[in-house]
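J.:
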Amino acid sequence: MCAYHNPAYPPNYPETSYYANFQPSSQEYVPAAPRTNGNTGMSFIQNQFIPDLAVRYGSAMFDEGANFVHKNKWGVNYDPAGPVPPGDDINAPDLYIPLMATITYILLSGVIFGFQGRFSPEYLGILSSEAFGWLLLEVLLSLFAIYILNIQNNISYLDIVAYCGYKFVSMIVVLISYIGLDRPGYYFSLLYTSLALAFFLIRSLKLKILPHVEAYPSECNKRRLYLLLLIAFTQPFLMWWLTRRVIL
1 MCAYHNPAYP PNYPETSYYA NFQPSSQEYV PAAPRTNGNT GMSFIQNQFI PDLAVRYGSA
61 MFDEGANFVH KNKWGVNYDP AGPVPPGDDI NAPDLYIPLM ATITYILLSG VIFGFQGRFS
121 PEYLGILSSE AFGWLLLEVL LSLFAIYILN IQNNISYLDI VAYCGYKFVS MIVVLISYIG
181 LDRPGYYFSL LYTSLALAFF LIRSLKLKIL PHVEAYPSEC NKRRLYLLLL IAFTQPFLMW
241 WLTRRVIL
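Residue 1 is where the sequence shown starts when you use the UniProt record's numbering, and the numbers rise one by one after that.
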């Protein structure tokens, strides 16, 4: 049986310090709802997810990267039938990584647009067209430069597609840094990944465009060097150009 309670007669608490400031309330306690806004997901990623991920994996990735740079031979391995497939040679150019990186870049840009409250399917279409359009243009310009400069080498158009497509991997890193650290993280990672990508392309393409420097005249070597630098240092500009729509 429930006890009868008459609100006209409040309970008589003992005169102690514990009950001195106690005031019963007839209203039921309702916890306050957390305040949220459109940037809740972005704030969680910036304040918790990215710092934890950086601390956990940052030093290990840095050590592995340093060892790779110093110990890697950078050249493509060959067998009697020709170049070793990418599955058996870490230095062999492949199309899987650029393709997956391009798709990931488009989807990640859509996620950022959602955080910013300006997502639209049209944006994904524009980003896709722009990404594949610039990739096709730079491949055609590279092949045209090889033809005009009369450069004889063993690099194929698929190799150029692969090397030009690797910039989308760096663009993913740039966008993730933007999510975690906003504009400062974007510009810092853009600078770092641009230098890293240029270093990688110079080391890798040098063995295809300039395999034997002493075997060619100096004028021919200059043309090959210009082509190498053109491919390597246009990638940072394209990285910035393709990610400029995403940042606010």
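By construction, the Cβ of each residue, glycine as well, lies at the ideal position given by its N, Cα and C atoms.
(1) What separation, rounded to the nearest whole angstrom, lies between the Cα atoms of lysine 208 and lysine 167?
(2) Please report the residue range of the alpha helix (DSSP H) in which glutamine 116 lies.
(3) Decide yes or no for the touch test of the stretch 87-106 against the stretch 153-169: beta carbon pairs closer than 8 Å, at least 3 of them.
(4) If we ignore side chains and look at the alpha-carbon of each, how far apart do glycine 180 and tyrosine 147 end up?
(5) Have a look at methionine 239 and tryptophan 134 and give me their C-alpha separation to the nearest angstrom.
(6) State yes or no: is the C-beta of leucine 201 within less than 8 Å of the C-beta of isoleucine 160?
(7) Going by beta carbon distance, what residues of the same chain come within less than 6 Å of serine 129, once the five residues before and after it are set aside?
(8) Would DSSP call isoleucine 90 helix, strand or coil?
(9) Can you give me the Cβ contacts of leucine 124 inside the same chain, cut-off strictly under 7 Å, excluding the 5 residues immediately before and after it?
(10) Identify whether glutamine 152 lies in helix, strand or coil by the three-state DSSP scheme.
(11) Rounded to the nearest angstrom, how far is the Cβ of isoleucine 90 from that of tyrosine 178, given a contact under 8 Å?
(12) Do leucine 228 and leucine 205 have their CB atoms nearer than 8 Å?
(13) Counting only the same chain and skipping the five closest in sequence on each side, list residues whose C-beta sits under 6 Å from that of leucine 141.
(14) If we call anything under 8 Å between Cβ atoms a contact, is proline 236 one with alanine 162?
(15) Measuring only the C-alpha atoms, how far is valine 173 from threonine 243?
(16) Where does serine 120 sit, in a helix, a strand or coil, going by DSSP?
(17) Please report the distance separating the alpha-carbon of glycine 114 from that of tyrosine 96.
(18) Cβ atoms of threonine 234 and glutamate 122: under 8 Å apart, would you say?
(19) On a Cα-Cα basis, can you pick out the residue from Asn150, Leu127, Pro184, Leu136 that is closest to arginine 224?
(20) According to the Cβ coordinates, are tyrosine 157 and leucine 175 closer than 8 Å?
(21) With a CB to CB cut of under 6 Å and the five nearest residues on each side skipped, what residues in its chain are close to arginine 245?
(22) Considering just the uninterrupted stretch of the alpha helix (DSSP H) at arginine 203, what are its terminal residues?
(23) Give every residue of the same chain whose Cβ lies closer than 8 Å to the Cβ of leucine 136, excluding the five residues on either side of it in the sequence, and list them in chain order.
T.: Taking the structure as given:
(1) Here residue 208 corresponds to residue number 208 of the sequence shown, with the count starting at 1. Here residue 167 corresponds to residue number 167 of the sequence shown, with the count starting at 1. Going from the Cα of lysine 208 to the Cα of lysine 167 covers about 19 Å.
(2) As a first step, residue 116 is located in the sequence shown; it is residue number 116 there, counting from the start. In the DSSP annotation of this structure, the continuous segment of the alpha helix (DSSP H) that includes glutamine 116 starts and ends at 96-116.
(3) Contact between the stretch 87-106 and the stretch 153-169 is present, because at least three Cβ pairs lie under 8 Å.
(4) Position 180 of the sequence shown, counting from 1, holds the residue named residue 180. Position 147 of the sequence shown, counting from 1, holds the residue named residue 147. Each residue's CA atom was taken as its position, placing glycine 180 and tyrosine 147 some 44 Å apart.
(5) In the sequence shown, counting from the first residue as 1, residue 239 sits at position 239. In the sequence shown, counting from the first residue as 1, residue 134 sits at position 134. Each residue's CA atom was taken as its position, placing methionine 239 and tryptophan 134 some 11 Å apart.
(6) Taking the first residue of the sequence shown as position 1, residue 201 is located at position 201. Taking the first residue of the sequence shown as position 1, residue 160 is located at position 160. Using a Cβ distance threshold of 8 Å, leucine 201 and isoleucine 160 do not count as a contacting pair.
(7) Along the sequence shown, one-based indexing puts residue 129 at 129. Cβ within range, chain order: n/a, list empty.
(8) Mapped onto the sequence shown, residue 90 falls at position 90. Of the three classes helix, strand and coil, the one that applies to isoleucine 90 here is coil, per DSSP.
(9) Residue 124 sits at position 124 when you count from the first residue of the sequence shown. For leucine 124, same chain residues with a beta-carbon under 7 Å away, outside a window of 5 residues either side, are Ile106, Gly110 in chain order.
(10) Position 152 of the sequence shown holds residue 152. Coil, per DSSP.
(11) Position 90 of the sequence shown, counting from 1, holds the residue named residue 90. Position 178 of the sequence shown, counting from 1, holds the residue named residue 178. In fact, because the Cβ distance is near 29 Å, the residues do not count as touching under 8 Å.
(12) The residue labelled residue 228 in the question sits at position 228 within the sequence shown. The residue labelled residue 205 in the question sits at position 205 within the sequence shown. Taking 8 Å as the Cβ cut-off, leucine 228 and leucine 205 qualify as a contacting pair.
(13) On the sequence shown, position 141 is the one that residue 141 refers to. So the list is empty, once near-sequence residues are dropped.
(14) Here residue 236 refers to the residue found at position 236 of the sequence shown. Here residue 162 refers to the residue found at position 162 of the sequence shown. For the 8 Å CB-CB criterion, proline 236 and alanine 162 do not form a contact.
(15) By one-based count along the sequence shown, residue 173 stands at place 173. By one-based count along the sequence shown, residue 243 stands at place 243. Taking the straight line from one Cα to the other gives about 11 Å.
(16) On the sequence shown, position 120 is the one that residue 120 refers to. Under the three-state reduction of DSSP, serine 120 is assigned to coil, being neither helix nor strand.
(17) As a working note, residue 114 is residue 114 in the sequence shown. As a working note, residue 96 is residue 96 in the sequence shown. Using only the alpha carbons, I get a separation of about 27 Å.
(18) Residue mapping note: residue 122 aligns to position 122 of the sequence shown, counting from 1. Residue mapping note: residue 234 aligns to position 234 of the sequence shown, counting from 1. Not closer than 8 Å, so no.
(19) As a working mapping, residue 224 is identified with position 224 in the sequence shown. Residue Asn150 is the option with its Cα nearest to arginine 224.
(20) Locating residue 157 in the sequence shown gives position 157, counting from the first residue. Locating residue 175 in the sequence shown gives position 175, counting from the first residue. No, they are not a contact pair.
(21) The sequence position of residue 245 within the sequence shown is 245, counting from 1. Cβ neighbours of arginine 245 beyond the five flanking positions: none.
(22) Sequence index remark: in the sequence shown, residue 203 carries index 203 (1-based). From DSSP, the alpha helix (DSSP H) with arginine 203 extends over 167-209.
(23) The residue given as residue 136 occupies position 136 in the sequence shown. The answer is none, since no qualifying residue turns up.
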